[in-house]
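Asker: For the first sequence, the residue numbers in this note's numbering are 847 to 1417.
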Amino acid sequence: MSGETRNDFIRQIVRDDLSSGKHDRIQTRFPPEPNGYLHLGHTRAIWADFGIAQEFNGACNLRFDDTNPAREDPEYVQAIQDDVRWLGYDWRSLRHASDYFDVYYLAAEKLILDGNAYVCDLSADQVREYRGTLTEPGRDSPFRGRSVEENLDLFRRMRAGEFADGARTLRARIDMASGNINLRDPALYRIKHVPHQNTGDAWCIYPMYDFAHALGDAIEGITHSLCTLEFEDHRPLYDWCVDKVDLAGNPQLLQPLLDRGLPLEAGKPRQIEFSRLNVNYTVMSKRKLMALVQEGLVDGWDDPRLPTLQGIRRRGYTPAALRAFVERLGLSKQNSLIDFSVLEAAVREDLDASAQRRMAVLDPLGLVLTNLPEGHGEVVAFANHPKDEAAGQRDVPFSRELWIEREDFMEQPVKGFHRLVPGGEVRLRGIGIVRCDEVVKDGDRVVELRCSLDPETRPGREGANRKVKGTIHWVSARHAVAAEVRLYDRLFKVPDPDDDSDGRTYRDHLNPESRRTVQAWLEPAAVDVAPETRLQFERLGYFVADRKDHSPQKPVFNRTVTLRDTWATRA
RNA sequence: UGGGGGAUCGUCUAACGGUAGGACAACGGACUCUGACUCCGUUUAUCUAGGUUCGAAUCCUAGUCCCCCAGCCA
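1. Which of the three DSSP states is assigned to Glu1253 in this structure?
2. Taking Cβ positions, are Arg1116 and Ser1071 nearer each other than 8 Å?
3. Does the segment 907 to 915 come within contact of the segment 1142 to 1161, defined as at least 3 CB pairs closer than 8 Å?
4. Decide yes or no for the touch test of the segment 1036 to 1044 against the segment 1001 to 1012: beta carbon pairs closer than 8 Å, at least 3 of them.
5. Using three-state DSSP, classify Gly1062 as helix, strand or coil.
6. Between the Cα of Leu957 and those of Leu1099, Gly1012, Phe855, spot the shortest distance and give me the residue it belongs to.
7. For Glu1247, which residues of its own chain have a beta-carbon under 6 Å away from its beta-carbon, when the five flanking residues on both sides are left out?
8. Restricting to Cα atoms, I'd like to know which of His1222, Lys1261, Leu1168 is closest to His885.
9. Whole-angstrom Cβ separation of Asp1079 and Asn1026, contact assumed at under 8 Å?
10. Examine the Cβ distances between the segment 1214 to 1231 and the segment 1180 to 1197 and report whether three or more of them are shorter than 8 Å.
11. Is it true that the segment 926 to 944 meets the segment 971 to 985, where meeting means three or more beta-carbon pairs spaced less than 8 Å apart?
12. Throw me the rounded Cβ distance for the Phe1077 and Glu1119 pair, which I believe falls under 8 Å.
13. For the candidate residues Val1285, Gln1156, Asp1392, Asn907, whose alpha-carbon lies nearest to that of Asp1063?
14. Check each candidate in Ala894, His1222, Pro1109 and name the one with the smallest Cα separation from Phe876.
15. From which residue to which residue does the beta strand (DSSP E) around Ser1298 run?
16. How long is the line joining the alpha carbons of Gly849 and Gly897, rounded to whole angstroms?
17. Find out if the Cβ-Cβ distance for the pair Asp795, Ala1170 is shorter than 8 Å.
18. If distances are taken between C-alpha atoms only, which option among Glu975, Ala1206, Gly904 comes closest to Glu1384?
19. Between Arg1361, Leu1356, Trp1049, which has its C-alpha nearest Ser944's C-alpha?
20. Which ranges does the beta strand (DSSP E) cover as unbroken runs of at least 3 residues, wholly within the segment 936 to 1022, from first to last along the chain?
21. From Lys1090 to Arg1353, what distance separates their C-alpha atoms?
22. Out of Gly1316, Gly1262, Glu1308, Val1292, state which residue places its alpha-carbon closest to the alpha-carbon of Arg1273.
23. Which class does Gly1278 belong to by DSSP, given the choice of helix, strand or coil?
24. Closest to Thr1074 by C-alpha separation, out of Tyr1163, His888, Leu1093, would be which residue?
25. If we count the other Cβ atoms within 10 Å of its Cβ and call it buried at 16 or more, is Pro878 buried or exposed?
26. Which residues in the same chain as Leu1418 place their Cβ atom closer than 8 Å to its Cβ, once the five residues preceding and following it in sequence are excluded?
27. Express the C-alpha separation of Ser939 and Arg871 in angstroms, rounding to a whole number.
28. Mapping the DSSP letters down to three states, classify Lys1261 as helix, strand or coil.
29. According to DSSP, which residues form a beta bridge with Ile1037?
30. Use the C-beta contact count for Asp1290: other C-beta atoms within 10 angstroms, 16 or more gives buried, fewer gives exposed.
31. Please identify the residue among Ile1020, Gly978, Tyr1127, Gln972 whose C-alpha is closest to the C-alpha of Gly991.
32. Within 10 angstroms of the Cβ of Gln1156, are there 16 or more other Cβ atoms? Answer buried if so, exposed if not.
33. Taking all protein chains shown into account, decide if Gly1307 is buried (16 or more other Cβ within 10 angstroms of its Cβ) or exposed.
34. Please classify His1418: does DSSP put it in a helix, a strand, or coil?
35. Give me, in chain order, the residues of the same chain whose beta-carbon lies closer than 7 Å to that of Arg1410; leave out the 5 immediate sequence neighbours on both sides.
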């Protein structure tokens, strides 16, 4: 959908800012903290940040908000870049908040000089006491009145490493009585004698999010800084930082960056908040995803059951489907829990159009065509895609002994069953109509069906037009290739695993049947494919050759999603 | 009377004082060599109460409910 037709509240703002001349070009940024993998929830932010910039001929930066070295890791820096690219986006400029540490420091000194910040010696516990509560105002820190000289001296000594972690902070001097707790003299810098993944041992003080993020946006000339709802009441602080430092009006503060060849593009950004993306039957918080991985409840960050982008990719979802999904939801400020069926519909739509068809049997039942000679063999040409001739054809070997899906036969059929029954007829996909003459059983278990193929119903013959109620898929037993097929289902049994109001947590709601592995039989043309090849196994669903484990010698497929099944949902 | 946000079909979302529309879901039906796809149809919504207006989801007033905030996390 184009920028002309999409009209969410953020696009309206952007459009207005462009037409009013407030901006002649827009600049956004996607600012992940490199402390975990990207997940489905980030897709909306990525789509908004990169997509809106793209639509309005602007640009988007990828900026790592790496201001807390204690919990960040370069492993994530690479993975995040890979995921963003996989989703189909690219950035104008790759930045790190840590690129700006010199500027942040200069900005902090300016704040001190202007009387807008002070060094506070209160401990973390004391700060909490002084902060007040949601309904009671806080009290001024006893250090709030320090002179500019003393503040400057202390701050420089903080930087020089003279003090221990937690001994002092640099605080904004705003309003300890504000109803907005973020404005009660928030910390701007804290002491952390921790090496940084990017800057090594250069710093032992690190800026806080509110300060660093606001200035980072200002430095990069971000026009529209999009973020989620929980930052709404940080906006006054965001604006305070931008305005009090005023990088655009004090370009000398940017000198360290200009010296390194970065462009001068400081401006005044506007923060706009939208609601997070939540999807039912899953969890999206980094903390919970981390726990699932670390406790071995799933098989790593790219487990196909996880909503991580890595997991979703391995599951077989396509970037186009993900983009279509978030686009369908749009942007708003309402808290929401999206039904996973919207996601499934988006993948099915994409895969129906793009995935070639093959036949596979997941739960085999032998079927013998008794009126075919022993050793009978032929190849039958099948279209690779019912709606796309350009996808070409493939040869499918056919013989006297076949595997069919066990659930496509019922000895005592329920009403409405369209498939094979004793004495009944069904069409074998691409072959013709067969009649079930005999059911071979071992005790209660059906072990083989002996059938006859009506030669007049082979494709091309007049009888081929005869109508039968059902068509089933099959593979030639002699030619079938064994494959490992992983059948995935939702990770949680309940729609809202985050809801622990009844005392039960997401851990209690794990779906024990979220993964089932079977040995399946594939037609030969399904086997010799590259990892990440997506196929529809007819009448079963969409499957992907596993990105890591699949090879033609040892085929491994993951079920991305089943086909829509109006019969099964009725039964 | 702490501050900040939000309330439209079951779930998302549109409307910018002028026919409450779309998607997903559900339910019927048509088509079908995939019980898929496609097509057609149906059901279901403006938080409440007042007010302004020829006309209100939209504007005003008063309520109700839900979400976020008391990290030296982001």
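Don't be surprised by glycine CBs; every beta carbon is placed ideally from N, CA and C.
Quick caveat, the model's predicted, so the values are computed rather than measured.
Answerer: Walking through what the data contain:
1. Indexing the first sequence from 1 puts residue 1253 at position 407. Note: Glu1253 maps to helix in three-state DSSP.
2. By 1-based counting over the first sequence, the position of residue 1116 is 270. By 1-based counting over the first sequence, the position of residue 1071 is 225. A contact, by the Cβ cut-off of 8 Å.
3. no
4. Below 8 Å, enough C-beta pairs join the segment 1036 to 1044 and the segment 1001 to 1012 to call them touching: three or more.
5. For this step, residue 1062 is matched to residue 216 along the first sequence. Correct three-state label for Gly1062: helix.
6. Counting from 1 along the first sequence, the entry for residue 957 is found at position 111. Answer by Cα proximity: Leu1099.
7. Reading the first sequence from its first residue, position 401 is the one you call residue 1247. Here the set comprises Val1214, Ala1323.
8. As a working note, residue 885 is residue 39 in the first sequence. If we check each option's Cα against that of His885, Leu1168 comes out closest.
9. One-based indexing of the first sequence puts residue 1079 at position 233. One-based indexing of the first sequence puts residue 1026 at position 180. The beta carbons of Asp1079 and Asn1026 sit about 6 Å from each other, so the pair counts as a contact at 8 Å.
10. no
11. no
12. The count along the first sequence starts at 1 and reaches residue 1077 at position 231. The count along the first sequence starts at 1 and reaches residue 1119 at position 273. That belief holds up - the Cβ atoms of Phe1077 and Glu1119 are roughly 6 Å apart, short of 8 Å.
13. Translated into the one-based positions of the first sequence, residue 1063 becomes position 217. Of Val1285, Gln1156, Asp1392, Asn907, the residue nearest in Cα terms is Asn907.
14. As a first step, residue 876 is located in the first sequence; it is residue number 30 there, counting from the start. The shortest C-alpha separation from Phe876 is found at Ala894.
15. To locate residue 1298, count along the first sequence from 1; it is residue 452. Ser1298 -> beta strand (DSSP E) spans 1291 to 1299.
16. Taking the first residue of the first sequence as position 1, residue 849 is located at position 3. Taking the first residue of the first sequence as position 1, residue 897 is located at position 51. Because the pLDDT of Gly849 is 35, which lies under 50, any placement of that residue in the model is unreliable, and the number read from its coordinates should be weighed accordingly. Cα-Cα distance, rounded: 9 Å.
17. The shown model of the chain, from 847 to 1417, leaves out residue 795, and the question about it has no answer.
18. As a working mapping, residue 1384 is identified with position 538 in the first sequence. Selected option, being the one with the closest Cα: Ala1206.
19. On the first sequence, residue 944 is found 98 positions in, with the first residue counted as 1. The residue with the shortest Cα to Cα distance from Ser944 is Trp1049.
20. 940 to 942, 963 to 966, 1015 to 1018
21. Within the first sequence, the letter at position 244 stands for residue 1090. Within the first sequence, the letter at position 507 stands for residue 1353. Each residue's Cα considered, the two are about 46 Å apart.
22. Within the first sequence, numbered from 1, the residue matching residue 1273 stands at position 427. The shortest Cα separation from Arg1273 among Gly1316, Gly1262, Glu1308, Val1292 belongs to Gly1316.
23. Taking the first sequence and counting its residues from 1, the one referred to as residue 1278 is at position 432. In this structure, Gly1278 counts as strand in the three-state DSSP scheme.
24. Mapped onto the first sequence, residue 1074 falls at position 228. Comparing Cα-Cα distances from Thr1074 to each of Tyr1163, His888, Leu1093, the minimum goes to His888.
25. The residue you call residue 878 lines up with position 32 of the first sequence. Answer is buried; the Cβ neighbour count reaches 16.
26. Outside the modelled stretch of the chain, which goes from 847 to 1417, sits residue 1418, for which no answer is possible.
27. Taking the first residue of the first sequence as position 1, residue 871 is located at position 25. Taking the first residue of the first sequence as position 1, residue 939 is located at position 93. Rounded to the nearest whole angstrom, the C-alpha separation of Arg871 and Ser939 is 16 Å.
28. For the purposes of this step, residue 1261 is identified with residue 415 of the first sequence, where counting begins at 1. Residue state, collapsed to three classes: coil.
29. For the purposes of this step, residue 1037 is identified with residue 191 of the first sequence, where counting begins at 1. In the DSSP output, where bridge partners are listed per residue, Ile1037 has Ile1051.
30. Residue mapping note: residue 1290 aligns to position 444 of the first sequence, counting from 1. Counting other Cβ atoms within 10 Å of its Cβ, Asp1290 stays below 16 and is therefore classed as exposed.
31. Taking the first residue of the first sequence as position 1, residue 991 is located at position 145. Closest by alpha carbon: Ile1020.
32. Within the first sequence, numbered from 1, the residue matching residue 1156 stands at position 310. Answer is buried; the Cβ neighbour count reaches 16.
33. By one-based count along the first sequence, residue 1307 stands at place 461. For the sequence presented, residue 1307 should be read as Arg rather than Gly. With fewer than 16 other Cβ atoms within 10 Å, it is exposed.
34. Nothing can be reported for residue 1418: it is not among the residues displayed for the chain, which extend from 847 to 1417.
35. Position 564 of the first sequence, counting from 1, holds the residue named residue 1410. The residues are Arg1194.
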